[in-house]
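S.K.: Line order of the protein sequences matches chains A and B. Going by the numbering used here, the first sequence opens with residue 1, and the numbers climb by one from there. Going by the numbering used here, the second sequence opens with residue 483, and the numbers climb by one from there. Positions of the beta carbon are idealized from the N, C-alpha and C atoms, including for glycine. I'd like to ask some things about the structure below.
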Amino acid sequence: MLILALILIPILGALLVFALGQNQLRSKQLALAVALVELVVFGLVFKEFSTTGNLLLQKDWLPDFGISFKFSIDGISVLLLALSTVLVPLVILSTFKVAYEKSNLLYALILLTEAALVGVFMAGDLFLFYFFFEIALVPVYFLGLIWGGANAAKATFKMLAYTIFGSLLMLVGLVYLYSKGQTADMEALKASMAFIPSNVQGILFSLFMLAFAIKMPIFPFHTWQADAYSESSTPATMLLAGLLSKMGVYGLIRIALPLAPMGAAEMGHMVMVLGVIGLIYGSIIAVKQDNLKRLIAYSSFAHMGLMAAAIFSGTLEGAQGAVFQMLAHGLNAIGLFFVVKIIAERTGGRSLSALGGLSQDAPWLSVSFMIILLGSVALPLTNGFVGEFLMLKGVFDHSKLLGIISGISIILGAVYLLRLFQKTMFGEKQNADVVIADVSGTEAVVLFVISALVILMGVFPNCILEISEPASQQLLDYMAQF
Amino acid sequence: MYPIIALSISGLLTLFLGFLDNKKLVFPISILFLVIALGVSFIDWNAPGLYFSEMLAVDNETIIFGAVMLISAILILCLSEGFNDFEFSQPAEYFALVQLSLIGALMMVSFENLIMLFLGIEILSIGLYVLTGADKRNLRGNEAAIKYFLMGAFATGILLFGIAMFYGAVGSFNIHVSVIDEAYLPFFWIGCTLILVGLTFKISAAPFHFWSPDVYEGAPTIFTAYMATVVKTAGFVAIFKVLYSSFSAITEFWTPMIVIMVGASLIIGNVFAVTQDSFKRLMAYSSVSHAGFMLLALVGDNEGAFGTIMFYSVAYSLATITAFGVLMKVSKHRIEKGRPYEKIDLFEGLFKNNGFLAGVLAIAMLSLAGIPLTAGFWGKFFVFSDAASSGNFTLIVIAVFMSAVAVYYYFKPIILSMKKSDGVETVVLSPLVKLIFVLTTCGTIILGIFPNLLRSIF
């Protein structure tokens, strides 16, 4: 019942927010309330999960086709649900100081995205997964398009076209699996994997991989990302970078690996190489970026590459690290984009060369920016460290060469992120007469929560790692059969 | 059975309503007639039977298809608001022709005899030829009507020839008779080919689609919508019945033809739609591509094909009616050279002052593009799973690539409508029109979430 509530609350909330009309304040508060209720419901789900283990809910959907509303929650799902339900209220809260036109639509779309994300992370049926995977894109597309910048139409359409193309390829794979297995239940399909010839599995794996590689994105399917992140409106960018990209990683864990295991075994190494190429390539581009949003977009792209590589390393450290890093990266990406938004609002620019000396006027902004940045740089005792360390260990165990190359990215990460900090916060103020206001009110709340979580996750990583461990171990055991 | 009788009487009565002084009465009365026809069609529910010495069959399936077409017609006519602002319109004649042509459509879904199929197509088409040219002062409309008439008449001629061949081979017009002498098999093949050509012309599947862009563009939008929904639905059921009963013995003969038509329709429809700047021509090519999708369900011997066609027709009709409805309402506000402006850039900036219309249009386009949460997605899914069960993965791959192309042109109106320009002034909608848009849009979304509502009927 709680699982159903998890899906329905944001949907009904979205309808309510939309129906109540254009009153800015009411839309904001209502949307926040809905997102918080969702968080509370998730808390209850989590409580149930921690006492009884994996949860399951199954209802008829298309009985003649063997397709059902099957929601199942295991250790990995529950963490991503936590990520979604924690981050969405923060995203909503981060918009409180901005007066958006047609705000009811904006908040309704954010809540719809949450519903779709929650659906993806719980889906236990192939088509249910596909259904939510595709739906999640639509509200974010409109968020980016309607409230985006001058070139938003082009950039967001590029994103849409890329991702839909990928999803359609995945659909072919799913329909094939479904027609062979005569069921759409993911668990049931796993049992029939041994009967699908390995060359077919290779094709299936490529189809799935393309969809997720575009979504995450990993090299060479990343060209939509920087444009979409920099031109979309900030809420859309936050959702894209923080949550939607995680759907791609989650898809690897849920679909690409278990539903084409021989293909994954065969081509996994290639994906790892691509991931590591993306990691280094993204880092190098990020070093040269001048636009703040693009810089963070490329850093995000680099992190995604490492996650993909770690998942295919076939080690427990790699898988656990990737799961942990999904949470850490989601949190940090939203924090970074929020800081950039604050800077852009206060100074009217997103260009590194036109910024400087912000820490003089805005110490609290500077402190929280530092904490989140260090999380992304992977300094010990921040959340980034745990994930990166585990992932690098996994990649290294799989292949020494790839491990060493990935190690370089830590240095590059420090270079571009600290450069970002130095150029914005320190140095000469560009315009000495203008006093930059420090963070206050809701902004401070958002940044405080994010900073606190960055440190907490870094100090007590085991609380999180032990939740996902059984699920990761199960995946590895299953993969080891092939 | 009963709706055919009801519509025959009401169609004739409607003609005489033209003598009334108050032309405004024609609209509500005609809608009432259609609702009556819809109501009486359910008298035969769960009471299947054959009529007119096995000429027509009525069962639950034909009733459902009949209802789908009648409801489409009602929705479309409601959007017209009685043609009150058509300057030279003759509402009584239009309504009468629509009702009479619906008789043809109903015959096309319930025929048991190829003669009935031929009559049905003729009744449906002749009404449409006239309606296409309904706007007498519009040269484009006249051209479209002539084109449609000439090509349509030619296609029916071919169909009739095919029927004759069929008769020659089996000695009967009944579609269930297919025991044939080996010696007459060539007649049977020729008959099958020609009948298929005649019928695929009606649903504008490539390579018999050349009339559709011109006719769609020239006809008044309201009749374009009628053409795109009711005629398509009827045509598909007719094709299904012919292929799955008369010619079920020679599946391997007609499968390659259908495969080629599917491939051609998908590629031609989608690729040509990309470059269109007229919304109606875009929708015409989109209808070609959807014809390809629906034919894809027929490839191979699928048990589920009938259900798929029904779901797809409903999904497609709902979205198409909405799209044409929005076009009709918005284009009325921008008259250029005495004609409503129907290029895609009409929608530029629509979202700013007409959020409702822009939203409704966006959902219709998403459904046509087959994005989840809309009925269009499930339509596509059923087609793919049918095709997969008969092992046609090559066609599925073509269909998938073409769906990706389709995203491009279906999103064109959406992106334009979200543009931050001043755009269209506020369009005032009557409550009835609003209700229709709400119904079609909610229908699209509800079927998108619970496809089983419709799919479980068969």
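Relative to the C-alpha of Tyr-890 (chain B), which residue among A:Pro-261, A:Phe-157, A:Tyr-250, A:Phe-46 is closest?
M.R.: Selected option, being the one with the closest Cα: A:Phe-157.
S.K.: Once you ignore the five residues that flank Gly-634 (chain B) on each side, which residues in its own chain have a CB closer than 6 Å to its CB?
M.R.: Correct list, in chain order: Ser-607.
S.K.: Counting contacts by CB-CB distance shorter than 8 Å, is Arg-937 (chain B) in contact with chain A?
M.R.: Output row for Arg-937 (chain B): interface = yes.
S.K.: Using the C-alpha atoms, what's the distance from Tyr-767 (chain B) back to Ala-637 (chain B)?
M.R.: Straight-line Cα distance between these residues: approximately 20 Å.
S.K.: With 16 as the cutoff for other CB atoms within 10 Å, does Gly-149 (chain A) come out buried or exposed?
M.R.: So Gly-149 (chain A) ends up on the exposed side.
S.K.: Rank B:Phe-501, B:Ser-771, B:Lys-506, B:Ile-556 by C-alpha distance to the C-alpha of Gly-521 (chain B) and give the top, closest one.
M.R.: That would be B:Ile-556, whose Cα lies nearest to the Cα of Gly-521 (chain B).
S.K.: Could you spell out the range, first to last residue, of the beta strand (DSSP E) harbouring Ala-539 (chain B)?
M.R.: Note, Ala-539 (chain B): beta strand (DSSP E), 538-540.
S.K.: Taking 8 Å as the threshold (beta carbon to beta carbon), is Phe-221 (chain A) in contact with chain B?
M.R.: For Phe-221 (chain A), the answer is no, since every Cβ of chain B falls outside 8 Å of its Cβ.
S.K.: In whole angstroms, what separates the C-alpha of Met-483 (chain B) from that of Ala-857 (chain B)?
M.R.: Cα-Cα distance, rounded: 29 Å.
S.K.: Specify, as a first and last residue, the run of the beta strand (DSSP E) that Phe-71 (chain A) falls within.
M.R.: Its beta strand (DSSP E) spans residues 67-73.
S.K.: Is the number of C-beta pairs between the stretch 860-876 of chain B and the stretch 172-185 of chain A that are closer than 8 Å three or more?
M.R.: Touching, yes, given that three or more Cβ pairs across the two stretches are closer than 8 Å.
S.K.: Could you tell me which of B:Ile-721, B:Leu-532, B:Leu-613, B:Asn-504 sits nearest to Ile-953 (chain B), measuring between CA atoms?
M.R.: Residue coverage of chain B in this structure runs from 483 to 940, which leaves residue 953 (chain B) outside it and unanswerable.
S.K.: Would the stretch 743-763 of chain B count as touching the stretch 683-692 of chain B if we require 3 or more Cβ pairs under 8 Å?
M.R.: Because the criterion of three Cβ pairs below 8 Å is met, the stretch 743-763 of chain B and the stretch 683-692 of chain B touch.
S.K.: Could you confirm whether any beta carbon from chain A is found closer than 8 Å to the beta carbon of Leu-778 (chain B)?
M.R.: With 8 Å as the cut-off, Leu-778 (chain B) does not count as an interface residue toward chain A.
S.K.: Expressed to the nearest angstrom, what Euclidean distance is found between the alpha-carbon atoms of Glu-48 (chain A) and Val-249 (chain A)?
M.R.: For Glu-48 (chain A) and Val-249 (chain A), the distance between alpha carbons rounds to 26 Å.
S.K.: If I'm right that Ala-626 (chain B) touches Glu-699 (chain B) with Cβ under 8 Å, what's the distance once you round it to whole angstroms?
M.R.: Contact flag correct, Cβ pair sits at about 7 Å.
S.K.: Please confirm if Pro-573 (chain B) has its CB atom under 8 Å from at least one CB of chain A.
M.R.: False, the Cβ-Cβ gap to chain A never drops below 8 Å.
S.K.: Closer than 9 Å, Cβ to any Cβ of chain A: which residues of the stretch 847-865 of chain B, in chain order?
M.R.: Correct list: Leu-848, Ala-851, Gly-852, Ile-853, Pro-854, Leu-855, Phe-859, Trp-860, Lys-862, Phe-863, Phe-864.
S.K.: Could I get the ranges of all uninterrupted alpha helix (DSSP H) runs contained in the stretch 113-145 of chain A, with 4 residues as the minimum, in chain order?
M.R.: Here no run is fully enclosed.
S.K.: Would Glu-231 (chain A) count as contacting chain B if we go by Cβ distances under 8 Å?
M.R.: By this cut-off, Glu-231 (chain A) is not an interface position.
S.K.: Anything in chain B within Cβ reach of Ala-153 (chain A), meaning under 8 Å, just list it in chain order.
M.R.: In chain order: Ile-897, Met-900, Lys-901.
S.K.: In three-state DSSP terms, what is Tyr-892 (chain B)?
M.R.: Three-state DSSP puts Tyr-892 (chain B) in a helix.
S.K.: Quick check on the DSSP output: the beta strand (DSSP E) that includes Gly-531 (chain B) runs from which residue to which?
M.R.: 531-533 is the extent of the beta strand (DSSP E) around Gly-531 (chain B).
S.K.: Distance cutoff 8 Å, beta carbons only. Does Ala-616 (chain B) sit that close to anything in chain A?
M.R.: Cβ-Cβ to chain A under 8 Å: no for Ala-616 (chain B).
S.K.: Where do the ends of the alpha helix (DSSP H) carrying Leu-465 (chain A) lie?
M.R.: 461-480 is the span of the alpha helix (DSSP H), which, as asked, contains Leu-465 (chain A).
S.K.: Hey, could you find the ends of the alpha helix (DSSP H) Trp-61 (chain A) is sitting in?
M.R.: Run containing Trp-61 (chain A): none in the alpha helix (DSSP H); it sits in the beta strand (DSSP E), 55-62.
S.K.: Give the residues of chain A in contact with Ala-962 (chain B), contact being defined as C-beta atoms less than 8 Å apart.
M.R.: Residue 962 (chain B) falls outside the range modelled here, since chain B spans only 483 to 940, and no answer is possible.
S.K.: Is the stretch 398-408 of chain A touching the stretch 358-373 of chain A in the sense that three or more CB pairs, one from each, lie closer than 8 Å?
M.R.: Verdict: no, contact absent.
S.K.: Along the chain, where does the alpha helix (DSSP H) that runs through Tyr-250 (chain A) open and close?
M.R.: Here the alpha helix (DSSP H) through Tyr-250 (chain A) covers 245-251.
S.K.: Assign Pro-668 (chain B) to one of two classes, buried (16 or more other C-beta atoms within 10 Å of its C-beta) or exposed (fewer than that).
M.R.: Pro-668 (chain B) should be labelled exposed.
S.K.: Going straight from the alpha carbon of Phe-71 (chain A) to that of Pro-63 (chain A), what length do you get?
M.R.: When rounded, the distance between both Cα atoms is 16 Å.
S.K.: Assuming the contact rule is C-beta atoms closer than 8 Å, Gly-861 (chain B) and Phe-793 (chain B) should be a hit. Round their C-beta distance to whole Å, please.
M.R.: About 6 Å separates the two Cβ atoms, so the contact holds.
S.K.: For chain B, is any of its Cβ atoms less than 8 Å away from the one on Trp-364 (chain A)?
M.R.: Chain B, which has no Cβ nearer than 8 Å to the Cβ of Trp-364 (chain A), makes this no.
S.K.: Which residue or residues does DSSP assign as beta-bridge partners of Pro-822 (chain B)?
M.R.: In the DSSP output, where bridge partners are listed per residue, Pro-822 (chain B) has B:Ile-817.
S.K.: Give the interface partners of Asn-656 (chain B) over in chain A, defined as CB-CB distance under 8 Å, in chain order.
M.R.: Neighbours of Asn-656 (chain B) on chain A: none; closest Cβ ~31 Å, over 8 Å.
S.K.: Drop a sphere of 10 angstroms on the beta-carbon of Ala-99 (chain A), count the other beta-carbons inside from all chains shown, and report buried for 16 or more, exposed for fewer.
M.R.: Result: exposed.
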